[in-house]
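Remarks on the structure that follows.
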Amino acid sequence: MLINPRLMALALCAAATAVTLTPATAQTVSTRPAYGCFKVSSAQANIRAGSSANADVIATAIKNETLVKRRRFCTVGGNWCAVTTNKGIQGFAAKADIKVSACPARTSTTIN
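Per my numbering, the sequence shown starts with residue 12, numbered consecutively.
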């Protein structure tokens, strides 16, 4: 049985290309925040330890800072939303101080 040298070279080239592309494709997959983001709309927003005006203030977010939503819905009364700041602090922000916003690309994480 004779093997055509051109077909053999073409098959080897295709196999090498497939092996080369597979790792690069896997590294470009990214994940966005599951529930979206908020942007601070007031001069500043207090990030509190609990969903109450009486809870301790654990951080402050300034106007136009992006906060990542930690839960799909805000509290039952709708006044407090679970958020994470860009420094990784998790707490609750008053709904009156924030508005729904698109998540910037920097909030995405790469999956290897």
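The beta carbon of each residue, even a glycine, is placed where N, CA and C say it ideally should be.
Query: Residue burial classification, I58 (beta-carbon count within 10 angstroms, cutoff 16); Result: buried
Query: Counterpart residues of C48 in DSSP-defined beta bridges; Result: V79 and S112
Query: Distance CB(C4)-CB(F103) smaller than 9 Å; Result: It is not possible to answer for residue 4, since the shown part of the chain is limited to 12 through 123.
Query: Spatial distance of R81 from V94 (CA atoms); Result: 5 Å
Query: Environment of F49 [buried if 16+ CB atoms lie within 10 Å]; Result: buried
Query: Rounded straight-line distance, which links the Cα of G88 to that of A96; Result: Looking at the sequence shown, residue 96 is not Ala but Thr. Roughly 22 Å separates the two Cα atoms.
Query: Sheet register partners of C92 (DSSP bridge); Result: A104
Query: Outcome for T77 when other beta-carbon atoms lying within 10 angstroms are tallied against a minimum of 16; Result: buried
Query: Distance CB(C85)-CB(K110) smaller than 9 Å; Result: no
Query: Three-state secondary structure assigned by DSSP to R43; Result: coil
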